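Here is the structure we will look at.
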């Protein structure tokens, strides 16, 4: 194995810039970002909160609306790692100082582009929500909630993990079509049908978690939003710490996926440090979710 | 000596691709000739640090490619055009060569831009550099592949069948580029085309069944067929090697046919005679 220190860091940096530029104009990513913006922005542009079918729907959907962007990031990443002609270049590239691991590393680091794109669209939405006076949550007297930094970090982290997953899968299956289909199926199950995985402990392990949940039985006069499920009153808990811990878990999985992609791109490379860091993040993120969760492990409005 | 191989062998399963190859190459162009399966590509892949030999010692540019640090230093001074070339189809010629330039650690933006333009100009692709590779002809793609091998003016340039798909004008341009580089650096050229060997090479190595059967200058190779090349008005069908020439006469290698006249040999004659195809 060629030690990392021997490779020219500025060359890896130049490679990152090439990959970032190409990713920035990748149709899958741009379509995903446009679709997410189309879902998230117009509902707030009027300055009025959108109509909701249940008391916490608007807040819950705040993190759900970005699934097209996550899918776009995944597809763009997997197609970048499986460029047409990629296999045939192996012999030509094999005699170069920068090897397959460096190319994969550059593709992974270029994930900063979809993450930045997510940050831009999320920030715009957050501004519009602030302009509209917050998200009305609860019934019959709604409390206006503002999205938190943890909510934004979670959405951006999901994009990063989707990017890493796209590259990791590309280094596993080597099939463009299969990978796109896998991305569609995962998006459908984990986001469009998110209630399928919204039970403990699966909800803590799936990409999507709701930032709001049903808390202990409550009563009139508390500062937190409340709602009724017909049998009684309950609190609507907005779990900022829980979302932050889930973000740590998602980021940990992303690092593990990145380690897998790097390992597959260089058989002599053992990404022990990355596996250790990613594993620690994923495990601690999962455990901290259990510790910080304030809800009642049920979603009575779902 | 730039490159030295000592008793190098390589096997793929039960097939011995190279057997005890010992050779030295230095500044100038060394031609590798041999039939399909003779071991030319395997030898070049070993010299390109893509393959490791099973046995023997190898020194490339004075370094040992088995050592990771040395291997990196070798790759920094190496240009390689493999027989099987591949491209990122969605890239333009410029983008692709630029990408390879980064892999070659040419990192300064200005330096890289001028180097990429230089090599594309050297292969006559200046006007086509912004075309996508997927829309290029086979010859144009081969020129892109050749261009990437010239990046950074490599001290050791390894070319496997570089003129395949090139038209006559492109081949002449290729010869100019390689001969200019070979004035200061080492070029190893694997080819089936004896014309290219005659035009470019200072030294020739002929491989047969994984072993070296001849090493010498082009003139030495030509000399091996001296006295064995004949021109006749009619073909001698019993001869193993004969063909009709442009003036309507028949060239034979080996034993003289009836009424034949001795002809001065060429590189092709030398190669044919040496490999036993002309006898």
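Chains as they are written, first to last, in full-length UniProt numbering: chain P, 1 to 302; chain R, 1 to 279. The beta carbon of each residue, even a glycine, is placed where N, CA and C say it ideally should be. This structure is a prediction, so every number in the text was calculated from the model and none was measured.
Straight-line Cα distance separating residue j from residue i
i                      : j                      : result
residue 56 of chain R  : residue 5 of chain R   : 7 Å
residue 46 of chain R  : residue 275 of chain R : 24 Å
residue 84 of chain R  : residue 112 of chain R : 25 Å
residue 144 of chain P : residue 200 of chain P : 28 Å
residue 171 of chain P : residue 286 of chain P : 26 Å
residue 18 of chain R  : residue 255 of chain P : 43 Å
residue 139 of chain P : residue 225 of chain P : 7 Å
residue 194 of chain R : residue 211 of chain R : 19 Å
residue 228 of chain P : residue 294 of chain P : 18 Å
residue 124 of chain R : residue 162 of chain R : 15 Å
residue 83 of chain P  : residue 233 of chain P : 55 Å
residue 292 of chain P : residue 281 of chain P : 16 Å
residue 29 of chain P  : residue 208 of chain R : 53 Å
residue 251 of chain R : residue 107 of chain P : 58 Å
residue 231 of chain P : residue 209 of chain P : 25 Å
residue 253 of chain R : residue 106 of chain R : 50 Å
residue 328 of chain P : residue 183 of chain P : Nothing about residue 328 of chain P can be reported from this structure: the residues present for chain P run from 1 to 302 only.
residue 303 of chain P : residue 61 of chain R  : The structure shown does not extend to residue 303 of chain P, since chain P is modelled only from 1 through 302, so no value can be given for it.
residue 23 of chain R  : residue 102 of chain P : 34 Å
residue 179 of chain R : residue 274 of chain P : 48 Å
residue 53 of chain R  : residue 143 of chain R : 30 Å
Cutoff 9 Å: residue i Cβ touching any chain C Cβ
i                      : result
residue 171 of chain P : The chain inventory of the structure shown lacks chain C, comprising the protein chains P and R.
Supposed close pair residue i, residue j - CB separation, criterion 8 Å
i                      : j                      : result
residue 181 of chain R : residue 157 of chain R : 6 Å
residue 204 of chain P : residue 163 of chain P : Not quite, the Cβ-Cβ distance comes to about 22 Å (not below 8 Å), so this is no contact.
residue 63 of chain R  : residue 73 of chain R  : 6 Å
residue 35 of chain R  : residue 20 of chain R  : About 19 Å separates the two Cβ atoms, so there is no contact after all.
residue 71 of chain P  : residue 159 of chain P : Not quite, the Cβ-Cβ distance comes to about 10 Å (not below 8 Å), so this is no contact.
residue 156 of chain P : residue 115 of chain P : 5 Å
residue 133 of chain R : residue 96 of chain R  : 6 Å
residue 18 of chain P  : residue 102 of chain R : 7 Å
residue 27 of chain R  : residue 185 of chain R : 7 Å
Per DSSP, the bridge partner or partners of residue i
i                      : result
residue 232 of chain R : R/250
residue 24 of chain R  : R/4
residue 26 of chain P  : In DSSP, residue 26 of chain P forms no bridge with anything.
residue 12 of chain R  : R/15
residue 203 of chain R : R/30, R/217
residue 184 of chain P : Per DSSP, none; premise fails for residue 184 of chain P.
residue 80 of chain R  : R/158
residue 235 of chain P : P/226
residue 144 of chain P : P/136
residue 57 of chain R  : R/6
residue 212 of chain R : R/207
residue 213 of chain P : P/237
residue 187 of chain R : R/29, R/157
Proximity below 9 Å, CB of residue i to CB of residue j
i                      : j                      : result
residue 85 of chain P  : residue 86 of chain R  : yes
residue 81 of chain R  : residue 92 of chain P  : yes
residue 243 of chain P : residue 211 of chain P : yes
residue 147 of chain P : residue 249 of chain P : no
residue 23 of chain P  : residue 68 of chain P  : no
residue 304 of chain P : residue 267 of chain P : The structure shown has nothing for residue 304 of chain P, since chain P only spans 1 to 302.
residue 151 of chain P : residue 276 of chain P : no
residue 203 of chain R : residue 30 of chain R  : yes
residue 151 of chain R : residue 121 of chain R : no
residue 269 of chain R : residue 222 of chain R : yes
residue 180 of chain P : residue 80 of chain P  : no
residue 126 of chain R : residue 117 of chain R : yes
residue 219 of chain R : residue 259 of chain R : no
residue 16 of chain P  : residue 110 of chain P : yes
residue 241 of chain R : residue 272 of chain R : yes
residue 66 of chain R  : residue 97 of chain P  : no
residue 259 of chain P : residue 50 of chain R  : no
residue 136 of chain R : residue 128 of chain R : yes
residue 78 of chain R  : residue 154 of chain R : yes
residue 257 of chain P : residue 278 of chain P : yes
residue 206 of chain R : residue 215 of chain R : yes
residue 112 of chain P : residue 20 of chain P  : yes
residue 35 of chain P  : residue 118 of chain P : no
Any residues in the stretch 83–98 of chain P with a beta carbon nearer than 8 Å to a beta carbon of chain R? Which ones, in chain order?
83, 84, 85, 86, 87, 88, 89, 90, 91, 92, 93, 94, 95, 96, 97, 98
Going along the stretch 55–78 of chain R in order, which residues come within less than 8 Å of chain P, judged by CB to CB distance?
68, 69, 71, 72, 75, 76, 78
Residues of the stretch 21–52 of chain R whose Cβ lies closer than 7 Å to any Cβ of chain P, in chain order
48, 49, 50
Within 8 Å of chain R by C-beta, residues of the stretch 10–25 of chain P in sequence order
10, 11, 13, 14, 15, 18
Interface positions of the stretch 139–171 of chain R facing chain P (Cβ-Cβ less than 9 Å), listed along the chain:
145, 148, 149, 158
For the stretch 77–91 of chain R, which residues have a CB atom closer than 9 Å to at least one CB atom of chain P, in sequence order?
78, 79, 80, 81, 82, 83, 84, 85, 86, 87, 88, 89, 90, 91
Mind listing which residues of the stretch 47–81 of chain P have their C-beta closer than 7 Å to chain R's C-betas, in chain order?
none
Residues from the stretch 104–122 of chain R in contact with chain P, defined by Cβ distance under 9 Å:
104, 105, 106, 107, 108, 109, 112
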